[in-house]
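Numbering (this note's numbering), first residue to last: 7 to 476. Ideal placement from N, C-alpha and C gives every residue a C-beta, glycine not left out. Some notes on the structure that comes next.
Structure below.
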């Protein structure tokens with residue numbers, strides 16, 4: 007019987023019980039006394055990585071927008087100030103008096119808005135210069151102890167042509183968060199009345215998530231100890247870290263991109279019908295990536311890291327902050343016959359990892375063992391499937407579109423990012439220049455596209471026969 011079919015007094019009782027249960031499960035709001043607040047596991051991992059080895063810290067989160075029309079800079083600066091007032095994570099600083107970081111929420115302060123006027127350059131096409139400057143600006147690091155952790159750069163190409171680059175420290179924002187930031191910035195610029203600031207804010211989530219992880223970790227860590235037992239690094243250890251070569255323009259990494267049609271990815275997913283169930287685009291592209299990694303390394307025991315989001319609860323959807331967690335996916339290629347069998351194994355691996363997810367720093371400390379300097383714990387290759395980027399509406403009559411650029415920064419030895427673009431996926435491989443030359447990355451991107459088009463392709467070039475992985 008549904009709740010509607012119950013007598014009135016029973017319906018009221020059920021409603022109260024459900025409301026009580028929801029209130030008990032809700033993220034509690036902490037008092038703001040000015041005292042330091044607990045960091046989430048995600049923030050702690052990012053902060054510690056930056057302290058131990060700045061080059062291994064996650065890159066900044068960025069979003070580029072191309073804006074056409076009469077851009078009002080004072081109005082944009084006011085909107086930026088309103089944005090920081092609205093989201094605590096954008097005005098939080100980090101202190102570590104006891105060796106571990108804590109959050110200190112500060113009053114709103116001015117945020118850098120820099121105008122780079124390129125109209126003095128000759129010629130009508132100033133876009134390449136703006137892209138080059140944006141790539142450099144996107145990689146400029148923030149100081150989480152001093153702040154601010156957000157900046158906006160405006161590149162003026164002409165009287166009615168501007169390019170905007172939003173950059174934010176990863177400790178304060180993730181990919182979904184920067185989309186929220188852009189949407190709120192557009193609405194504030196347009197003079198729209200936004201709803202009240204979200205409650206809870208990120209610091210509330212941080213404390214709640216740490217408590218929840220502590221309850222789950224004892225039950226889930228045994229899975230990971232067994233799953234990652236005997237794990238060996240995918241790539242040989244790099245020599246001691248050196249400064250980027252001047253020949254590489256001071257860069258530490260490079261990227262290469264290819265596009266494949268969505269229909270090809272859907273065909274890969276269809277290949278799993280004989281393997282026991284439906285396969286997501288994530289699993290299909292991950293399987294293709296594993297084929298390339300197998301051909302590259304000759305390894306049959308492969309581990310690829312991915313990211314998940316803790317923003318699954320409804321009250322956290324409008325909250326800006328870092329909700330991502332790193333999850334290792336270990337896939338053995340032994341005994342597989344054909345690509346559908348690989349897809350099925352990937353699907354099972356992903357399901358098991360998500361069912362036993364724990365914060366990545368908890369996983370690493372729970373596994374114990376000796377950490378190798380210069381080797382990322384648990385995995386050196388990563389894969390992320392992003393959402394289809396779209397410019398926020400609004401902007402008070404201005405026309406806005408996503409302004410594409412690649413941030414030349416790598417958090418891992420080799421990373422694959424898949425981004426849907428209309429009827430295609432853009433596949434971008436980013437690798438450390440200490441490990442891969444740009445030409446090698448371009449060749450690997452070509453191999454990846456070939457696997458997506460035909461997973462039973464040439465075994466000499468792909469390291470996979472389509473019949474058996476050897």
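Going by C-alpha positions, residue 159 is about 25 Å away from residue 427. Judged by DSSP in its simplified three-state form, residue 168 adopts strand. A residue is called buried once 16 or more other Cβ atoms fall within 10 Å of its Cβ, and residue 190 is buried on that count.
For secondary structure counted as the beta strand (DSSP E) over 3 or more consecutive residues, the stretch 277-361 holds these complete runs in sequence order: 307-315, 330-338.
For residue 216, the enclosing alpha helix (DSSP H) starts and ends at 208-233.
Apart from the 5 residues on each side of it in sequence, residue 266 sits with its Cβ closer than 6 Å to the Cβ of 431, 455, 458 in its chain, given in chain order. Going by beta carbons, residue 90 and residue 114 fall inside the 8 Å limit.
Linking residue 103 to residue 54 through their CA atoms gives a straight-line distance of about 14 Å. Here residue 405 carries a strand assignment [DSSP, helix/strand/coil]. For residue 99, the uninterrupted beta strand (DSSP E) segment begins and ends at 98-101.
Going by DSSP, residue 200 is part of no beta strand (DSSP E) at all; its letter is neither H nor E.
Under the criterion of beta carbons closer than 8 Å, residue 240 and residue 373 do not qualify as touching, at roughly 16 Å. In this structure, 434 is the residue among 155, 148, 434 with its C-alpha nearest to the C-alpha of residue 295.
Linking residue 211 to residue 112 through their CA atoms gives a straight-line distance of about 17 Å. Remark: fewer than three beta-carbon pairs, one from each stretch, lie closer than 8 Å, so the stretch 361-371 and the stretch 33-44 are not flagged as touching.
The stretch 284-294 makes contact with the stretch 343-357: 3 or more CB pairs, one atom from each, lie closer than 8 Å.
Going by DSSP, residue 181 is part of the alpha helix (DSSP H) stretching over 181-195. Put simply, of 321, 358, 385 the residue whose alpha carbon is nearest the alpha carbon of residue 238 is 385. With a 10 Å radius around the Cβ and a threshold of 16 neighbouring Cβ atoms, residue 259 comes out buried. Under the 8 Å Cβ criterion, the stretch 118-131 does not count as touching the stretch 174-181, having fewer than three qualifying pairs. When the Cα atoms are used, residue 422 and residue 393 turn out to be separated by approximately 14 Å. DSSP places residue 113 outside both helix and strand once states are collapsed to three, so it counts as coil.
Where residue 81 is concerned, the enclosing alpha helix (DSSP H) starts and stops at 79-92. Per DSSP, residue 265 is one residue of the beta strand (DSSP E) stretching across 259-267.
Comparing alpha carbon positions, the residue from 420, 86, 51 closest to residue 441 is 420.
Counting only unbroken stretches of 3 or more residues, the beta strand (DSSP E) elements lying wholly within the stretch 110-160 are 119-123, in sequence order. The way I'd put it, the stretch 77-94 does touch the stretch 186-203; three or more beta-carbon pairs between them come closer than 8 Å.
Taking all protein chains shown into account, residue 340 has fewer than 16 neighbouring C-beta atoms within 10 Å of its C-beta and is therefore exposed.
When DSSP states are grouped into helix, strand and coil, residue 432 belongs to the strand group. Annotated three-state conformation of residue 237 is coil, per DSSP. The count of Cβ pairs closer than 8 Å, one atom from the stretch 70-84 and one from the stretch 400-408, reaches three, so the stretches are in contact.
Measuring C-alpha to C-alpha distances from residue 301 to each of 436, 450, 161 identifies 450 as the nearest. Looking at the DSSP output, residue 174 bridges to 67, 156.
In the DSSP assignment, no residue is bridged to residue 75. By the 16-neighbour rule on beta-carbons within 10 angstroms, residue 417 is buried.
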